[in-house]
Amino acid sequence: MTKSSFFASASALCLGVLLSFGAGSQANAAAKCIKGDREAPYTIGWANIYSVPTWMKQTQGTIEAEIETLKKQGLVDKLVVTDAQGDANVQIQQIQSMIDSDVDAIILIAGSSTAPARVLADACAKGIAIINFDSLVDTDQVTAKVNTDSAQWGDQAAKFLIDAIGGKGKILILNGPAGVSVSDDRRKGADAALKAHPEVTVLAETNTPYNVAPAQEAVTSLLFANSEIDGILSLGGALSAGAVLALDKQGREQVPVTGENARQFLELWKEKGLKSWATMQPNWLGAFATYTAVQALEGKDVPAFVKIPLPVIDNSNIDQYLARAADFPADGYIYSPFDEALFKKLLAEQ
Amino acid sequence: MSTVASSRQAGALYWPVQLRRNVGVRGLFAVVMAFLVAYGFLFPGLLTASGFAKFTQSWFPLALVAMAQAILMLTGGISLAIGAMVSLGAVIAATTMTGPLGVAGGAAAVALTGIGIGGATGFIVVKLRLPAIVVTLAGSFIIGGAALLILPRPGGAIPEWLSDLLAGNTPAAFVLLVLIVLLWKLYLATPLGLSLYAAGENPVGAYRSGVPVDGARVAAYAISGLLCTGAGLFVAAQTGSGDPVIGTAFTLNSIAAAVLGGIGFLGGQGTMRGALAGSLLLSLMISVMFFLGFTPVAQYVAQGLIIIGAVAIPQFRKVQQ
Numbered sequence: 011m012t013k014s015s016f017f018a019s020a021s022a023l024c025l026g027v028l029l030s031f032g033a034g035s036q037a038n039a040a041a042k043c044i045k046g047d048r049e050a051p052y053t054i055g056w057a058n059i060y061s062v063p064t065w066m067k068q069t070q071g072t073i074e075a076e077i078e079t080l081k082k083q084g085l086v087d088k089l090v091v092t093d094a095q096g097d098a099n100v101q102i103q104q105i106q107s108m109i110d111s112d113v114d115a116i117i118l119i120a121g122s123s124t125a126p127a128r129v130l131a132d133a134c135a136k137g138i139a140i141i142n143f144d145s146l147v148d149t150d151q152v153t154a155k156v157n158t159d160s161a162q163w164g165d166q167a168a169k170f171l172i173d174a175i176g177g178k179g180k181i182l183i184l185n186g187p188a189g190v191s192v193s194d195d196r197r198k199g200a201d202a203a204l205k206a207h208p209e210v211t212v213l214a215e216t217n218t219p220y221n222v223a224p225a226q227e228a229v230t231s232l233l234f235a236n237s238e239i240d241g242i243l244s245l246g247g248a249l250s251a252g253a254v255l256a257l258d259k260q261g262r263e264q265v266p267v268t269g270e271n272a273r274q275f276l277e278l279w280k281e282k283g284l285k286s287w288a289t290m291q292p293n294w295l296g297a298f299a300t301y302t303a304v305q306a307l308e309g310k311d312v313p314a315f316v317k318i319p320l321p322v323i324d325n326s327n328i329d330q331y332l333a334r335a336a337d338f339p340a341d342g343y344i345y346s347p348f349d350e351a352l353f354k355k356l357l358a359e360q
Numbered sequence: 059m060s061t062v063a064s065s066r067q068a069g070a071l072y073w074p075v076q077l078r079r080n081v082g083v084r085g086l087f088a089v090v091m092a093f094l095v096a097y098g099f100l101f102p103g104l105l106t107a108s109g110f111a112k113f114t115q116s117w118f119p120l121a122l123v124a125m126a127q128a129i130l131m132l133t134g135g136i137s138l139a140i141g142a143m144v145s146l147g148a149v150i151a152a153t154t155m156t157g158p159l160g161v162a163g164g165a166a167a168v169a170l171t172g173i174g175i176g177g178a179t180g181f182i183v184v185k186l187r188l189p190a191i192v193v194t195l196a197g198s199f200i201i202g203g204a205a206l207l208i209l210p211r212p213g214g215a216i217p218e219w220l221s222d223l224l225a226g227n228t229p230a231a232f233v234l235l236v237l238i239v240l241l242w243k244l245y246l247a248t249p250l251g252l253s254l255y256a257a258g259e260n261p262v263g264a265y266r267s268g269v270p271v272d273g274a275r276v277a278a279y280a281i282s283g284l285l286c287t288g289a290g291l292f293v294a295a296q297t298g299s300g301d302p303v304i305g306t307a308f309t310l311n312s313i314a315a316a317v318l319g320g321i322g323f324l325g326g327q328g329t330m331r332g333a334l335a336g337s338l339l340l341s342l343m344i345s346v347m348f349f350l351g352f353t354p355v356a357q358y359v360a361q362g363l364i365i366i367g368a369v370a371i372p373q374f375r376k377v378q379q
């Protein structure tokens, strides 16, 4: 009895020391770029590279939702949005304008992995919090970078598929466009698992844009050439939808297929009763970047890199996703739910 | 005695002639002035040295490619390879300047590449009588591919001091632009420069009058190439690195700037100051709309309206006359 109470109090003391130590270090170590001279309510600049694709529109939607929440808390009063229309030079000019108008934070998806580095360094020197997510810039002159791990995506998808076909068989691999880093990284991530299973034969690989039609066309021609296919390792949601449609149109039996949270694919998954697995680049990365920027401005230390764990959709939870389908555009992505508690946990986990 | 008098007479004619050349673009000048005033009003920092420097830096590469496109359009040509040439200039600069060639060697490589590829394009277009639009479209794939071969992924580096010199807080870019415009004026006074307009407006008549039409057009392509890779070098310095696809948008923007500036597609029509004003308007629009708080969707619409407005105003006048 006394022993255990002693232990409890000792550990409580230890915890207290640790906590106070933690709090002390937090007060001293502000996040990168933060000078502590900015006060709420803040103005947030969202430097988008291209606003037209559905994924981008949904991402902006999560940013706007987060801004509304932060407005209610009195932390933010204004969101400034720019759209570089795909031009990295214009994005630089718009970031410069954000610096000139003295926004408190800049969140961005970069149009080039190198070009914005210098203008971001200028912003950082002015004490502007910078959170870079999705497409990242090769620079450390930002407050934090936020992304999922594309290699892990490929690895997990390959492991699921190999398991689903019983460790051996003939598969197709569907990739995004060649020479695009996300596409390359997902494919490289799948390599290790494939090498570890020599009985899995890769019949063919495709490179298409992340759209249904070209993927369907590519898979259709591969179906003519290969009468026996056991599984499809698709590294993008629209690609998976194209593959399922191609199998369907040819009257072929559906096989295990991997994918992404594209609404069309998830609905086909349910409709055709597939055995599937999907993950996602969550649109709420935008909301999380906004939240993180405000946390940094409020003097909290934030990690230089926040790796977002990949949410997984499989046959056990697909119904939960489809139940919310009506809230998302028909050509959009059904992302996992998010709230402040999740964001707090993600920041604390790093 | 009489030569002095005639040169005086020419001097007296200089300004009226220059003013008359402005007629078509007065509307554009007015719009650009209005935007400049609005920008200065919305962002008073524009009037500080560093504010002015940063603004002219974002305009500078567009000004160069507008000039590059305008020279070609004045001779009746066009280039769809402007963006690829900018990218190539940027990756050559970013891969050579920190290597054994150094800044001087790298700059020379960038300049020679521009003149060489530009001249070769001009030679193919002019001597083989092929349509410029086809040759430069094919050229854009070759040049863009070459940029990707030199630097497959964004990377490379530019010496820090050069970046600070060209794209720091001093208006070096603006000074360079003024120098380039003065050089252009000088070029127009040379035989080749004088032939430029004649070769564009009426090539057959010019040829029969003994004007070196082919030479003037090939030279225009070479100069255009030099301006493009030069713009690429500047973009590399501005961003501190090379990106093999950084120039893509410059092709369309250079045509937009030149057309806005009153340069005709058929050759021989328009002025360089018009093209420069056109590029300035394109660049100003982005910043002014930001400070006016336009949403991205409103910006798409406003951009189109401003461009149509700037081109249409002088036409209204003509129709009325």
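Order-wise, the sequence lines are chains A and B. Counting from 11, one number per residue, gives the positions in the first sequence under this note's numbering. Counting from 59, one number per residue, gives the positions in the second sequence under this note's numbering. Where a beta carbon is used, it is the ideal one built from N, C-alpha and C, also for glycine.
Problem set entry | Those runs of the beta strand (DSSP E) which lie wholly inside the region 34-121 of chain A and span at least 3 residues | Taking only runs of at least 3 residues, the beta strand (DSSP E) segments lying wholly in the region 34-121 of chain A are 52-58, 86-93, 115-118.
Exercise. Does the pairing of the region 92-110 of chain A with the region 323-341 of chain A give three or more beta-carbon distances under 8 Å?
Worked result: Judged by pairs of C-beta atoms under 8 Å, the region 92-110 of chain A does not touch the region 323-341 of chain A, as fewer than three such pairs exist.
Exercise. Hey, residue 267 of chain A and residue 237 of chain A: beta-carbon distance below 9 Å or not?
Worked result: Indexing the first sequence from 1 puts residue 267 of chain A at position 257. Indexing the first sequence from 1 puts residue 237 of chain A at position 227. Going by C-beta atoms, residue 267 of chain A is not nearer than 9 Å to residue 237 of chain A.
Exercise. Is it buried or exposed for residue 231 of chain A, if we count other Cβ within 10 angstroms and need 16 for buried?
Worked result: For the purposes of this step, residue 231 of chain A is taken as the residue at position 221 of the first sequence. With fewer than 16 Cβ atoms within 10 Å of its Cβ, residue 231 of chain A is classed as exposed.
For this session: Would you please state the rounded distance, in angstroms, between the beta carbons of residue 348 of chain B and residue 92 of chain A? I believe it to be under 8 Å.
Result: For the purposes of this step, residue 348 of chain B is identified with residue 290 of the second sequence, where counting begins at 1. For the purposes of this step, residue 92 of chain A is identified with residue 82 of the first sequence, where counting begins at 1. Contact between residue 348 of chain B and residue 92 of chain A holds: their C-beta atoms lie close to 6 Å from each other, under 8 Å.
For this session: Use the C-beta contact count for residue 327 of chain A: other C-beta atoms within 10 angstroms, 16 or more gives buried, fewer gives exposed.
Result: For the purposes of this step, residue 327 of chain A is identified with residue 317 of the first sequence, where counting begins at 1. Classification of residue 327 of chain A: exposed, given that the 10 Å Cβ count is below 16.
Problem set entry | Inter-residue Cα distance where the pair is residue 180 of chain A and residue 157 of chain A | Locating residue 180 of chain A in the first sequence gives position 170, where the first residue counts as 1. Locating residue 157 of chain A in the first sequence gives position 147, where the first residue counts as 1. Near 32 Å, if we compare the C-alpha coordinates of residue 157 of chain A and residue 180 of chain A.
Exercise. Is the shortest distance between the beta-carbon of residue 347 of chain A and the beta-carbons of chain B less than 9 Å?
Worked result: Residue 347 of chain A sits at position 337 when you count from the first residue of the first sequence. Under the 9 Å criterion on CB atoms, residue 347 of chain A is classed as non-interfacial with respect to chain B.
Exercise. Sorry if obvious, but does the Cβ on residue 158 of chain A come closer than 8 Å to a heavy atom of the ligand COA?
Worked result: This structure lacks the ligand COA; in fact it carries no ligand of any kind.
Exercise. By a C-beta neighbour count over all protein chains shown, 10 Å radius and 16 as the cutoff for buried, is residue 131 of chain B buried or exposed?
Worked result: Mapped onto the second sequence, residue 131 of chain B falls at position 73. The residue in question, residue 131 of chain B, is buried, as its Cβ has 16 or more Cβ neighbours within 10 Å.
Exercise. Counting Cβ pairs closer than 8 Å, one from the region 158-173 of chain A and one from the region 131-143 of chain A, do we hit at least three?
Worked result: Result no; under three Cβ-Cβ pairs closer than 8 Å.
Exercise. Looking at residue 151 of chain B and residue 294 of chain B, is the spacing between their C-beta atoms short of 9 Å?
Worked result: Stepping through the second sequence from its first residue, residue 294 of chain B is reached at position 236. Stepping through the second sequence from its first residue, residue 151 of chain B is reached at position 93. Result yes, Cβ atoms of residue 294 of chain B and residue 151 of chain B sit closer than 9 Å.
For this session: Quick one: list the residues of chain B neighbouring residue 97 of chain A, beta-carbon separation under 7 Å, in chain order.
Result: Working through the first sequence from its first residue, we reach residue 97 of chain A at position 87. For residue 97 of chain A, the chain B residues whose C-beta falls within less than 7 Å of its own C-beta are 307, listed in chain order.
Exercise. Can you find a C-beta in chain B that's less than 9 Å from the C-beta of residue 31 of chain A?
Worked result: To locate residue 31 of chain A, count along the first sequence from 1; it is residue 21. Any reading at residue 31 of chain A must be qualified, since the residue scores a pLDDT of 44, below 50, and its modelled position is unreliable; the value itself is stated next. Closer than 9 Å: no.
For this session: Determine whether the Cβ of residue 75 of chain A lies closer than 9 Å to any Cβ atom of chain B.
Result: On the first sequence, residue 75 of chain A is found 65 positions in, with the first residue counted as 1. Contacts with chain B at 9 Å (Cβ-Cβ) do not include residue 75 of chain A.
Exercise. What residues in the region 334-346 of chain B bring their beta carbon closer than 8 Å to a beta carbon of chain A?
Worked result: For the region 334-346 of chain B, the set of positions with a beta-carbon nearer than 8 Å to some beta-carbon of chain A reads 341, 344, 345 in chain order.
Problem set entry | Unbroken beta strand (DSSP E) run spanning residue 179 of chain A, endpoints | Within the first sequence, residue 179 of chain A is the residue found at index 169, counting from 1. Taken as a continuous stretch (DSSP letters only), the beta strand (DSSP E) holding residue 179 of chain A covers 179-185.
Problem set entry | Cα-Cα separation, residue 225 of chain A to residue 246 of chain A | Your numbering for residue 225 of chain A matches position 215 in the first sequence. Your numbering for residue 246 of chain A matches position 236 in the first sequence. Taking the straight line joining both Cα atoms gives about 10 Å.
Exercise. Going by other Cβ atoms of all chains shown within 10 Å of its Cβ, with 16 needed for buried, is residue 90 of chain A buried or exposed?
Worked result: Here residue 90 of chain A is taken as the residue at index 80 of the first sequence, counted from 1. Counting Cβ neighbours within 10 Å, residue 90 of chain A comes out buried, since at least 16 surround it.
For this session: Run the CB neighbour count on residue 234 of chain A, radius 10 Å, all protein chains shown included, and call it buried at 16 or more, exposed below.
Result: Residue mapping note: residue 234 of chain A aligns to position 224 of the first sequence, counting from 1. Exposed is the label assigned to residue 234 of chain A, since fewer than 16 other Cβ atoms lie within 10 Å of its Cβ.
For this session: Quick one: grab the DSSP three-state call for residue 285 of chain A.
Result: What you label residue 285 of chain A is simply residue 275 of the first sequence in a count that begins at 1. If DSSP states are grouped into helix, strand and coil, residue 285 of chain A belongs with coil.
For this session: Please list, in chain order, all residues of the same chain as residue 160 of chain A whose beta carbon is under 6 Å from its beta carbon, the five residues on each side excluded.
Result: Reading the first sequence from its first residue, position 150 is the one you call residue 160 of chain A. Same-chain partners within the cutoff: 192, 195, 196.
Exercise. Should residue 125 of chain B and residue 285 of chain B be called a contact, given that it needs their Cβ atoms to be closer than 9 Å?
Worked result: What you label residue 125 of chain B is simply residue 67 of the second sequence in a count that begins at 1. What you label residue 285 of chain B is simply residue 227 of the second sequence in a count that begins at 1. Yes. Within cutoff.
For this session: Counting only the same chain and skipping the five closest in sequence on each side, list residues whose C-beta sits under 6 Å from that of residue 36 of chain A.
Result: Position 26 of the first sequence, counted from the first residue, corresponds to residue 36 of chain A. In this predicted model, residue 36 of chain A has a pLDDT of only 42, less than 50, meaning its place in the structure is not dependable; the value taken from the coordinates is given anyway. Once the five neighbours on either side are set aside, the close Cβ partners of residue 36 of chain A are 311.
For this session: Return the residue from the list A:131, A:69, A:164, A:168 that minimises the CA-CA distance to residue 153 of chain A.
Result: Taking the first residue of the first sequence as position 1, residue 153 of chain A is located at position 143. Residue A:131 is the option with its Cα nearest to residue 153 of chain A.
Exercise. Are the CB atoms of residue 269 of chain A and residue 297 of chain A nearer to each other than 9 Å?
Worked result: Counting from 1 along the first sequence, the entry for residue 269 of chain A is found at position 259. Counting from 1 along the first sequence, the entry for residue 297 of chain A is found at position 287. Not closer than 9 Å, so no.
Exercise. Under 9 Å, do residue 320 of chain B and residue 337 of chain B count as touching if we go by C-beta distance?
Worked result: On the second sequence, residue 320 of chain B is found 262 positions in, with the first residue counted as 1. On the second sequence, residue 337 of chain B is found 279 positions in, with the first residue counted as 1. The answer is no: Cβ separation not under 9 Å.
For this session: Check residue 242 of chain A in the structure and name its three-state DSSP category.
Result: One-based indexing of the first sequence puts residue 242 of chain A at position 232. In the three-state reduction of the DSSP assignment, residue 242 of chain A falls in the strand class, which pools E and B.
Problem set entry | Straight-line Cα distance separating residue 314 of chain A from residue 42 of chain A | Within the first sequence, the letter at position 32 stands for residue 42 of chain A. Within the first sequence, the letter at position 304 stands for residue 314 of chain A. The alpha-carbon atoms of residue 42 of chain A and residue 314 of chain A are separated by roughly 8 Å.
Exercise. For residue 235 of chain B, which of B:194, B:127, B:289, B:170 has the nearest alpha-carbon?
Worked result: On the second sequence, position 177 is the one that residue 235 of chain B refers to. Nearest Cα to residue 235 of chain B within the set B:194, B:127, B:289, B:170: B:289.
Problem set entry | Whole-angstrom C-beta distance between residue 278 of chain B and residue 129 of chain B, which should lie under 8 Å | To locate residue 129 of chain B, count along the second sequence from 1; it is residue 71. To locate residue 278 of chain B, count along the second sequence from 1; it is residue 220. Correct: roughly 5 Å between the Cβ atoms.
Exercise. Any C-beta of chain A sitting closer than 9 Å to the C-beta of residue 316 of chain B?
Worked result: Position 258 of the second sequence, counted from the first residue, corresponds to residue 316 of chain B. Not an interface residue.
For this session: Would you tell me roughly how many angstroms separate the C-alpha atoms of residue 343 of chain A and residue 79 of chain B, rounded to the nearest one?
Result: Along the first sequence, one-based indexing puts residue 343 of chain A at 333. Along the second sequence, one-based indexing puts residue 79 of chain B at 21. The straight-line gap from Cα to Cα measures roughly 56 Å.
Exercise. Between the C-alpha atoms of residue 109 of chain B and residue 233 of chain B, what's the straight-line distance to the nearest angstrom?
Worked result: Numbered from its first residue, the second sequence carries residue 109 of chain B at position 51. Numbered from its first residue, the second sequence carries residue 233 of chain B at position 175. Roughly 15 Å between the two C-alpha positions.
Problem set entry | Interfacial residues, the region 119-131 of chain A to chain B, with Cβ spacing under 7 Å | Within the region 119-131 of chain A, 122, 123, 124, 125, 127, 128 place their CB atoms closer than 7 Å to a CB of chain B, listed in sequence order.
Problem set entry | Segment contact, 8 Å Cβ cut-off, at least three pairs: the region 159-176 of chain B with the region 98-109 of chain B | With the cut-off at 8 Å, the region 159-176 of chain B and the region 98-109 of chain B do not touch.
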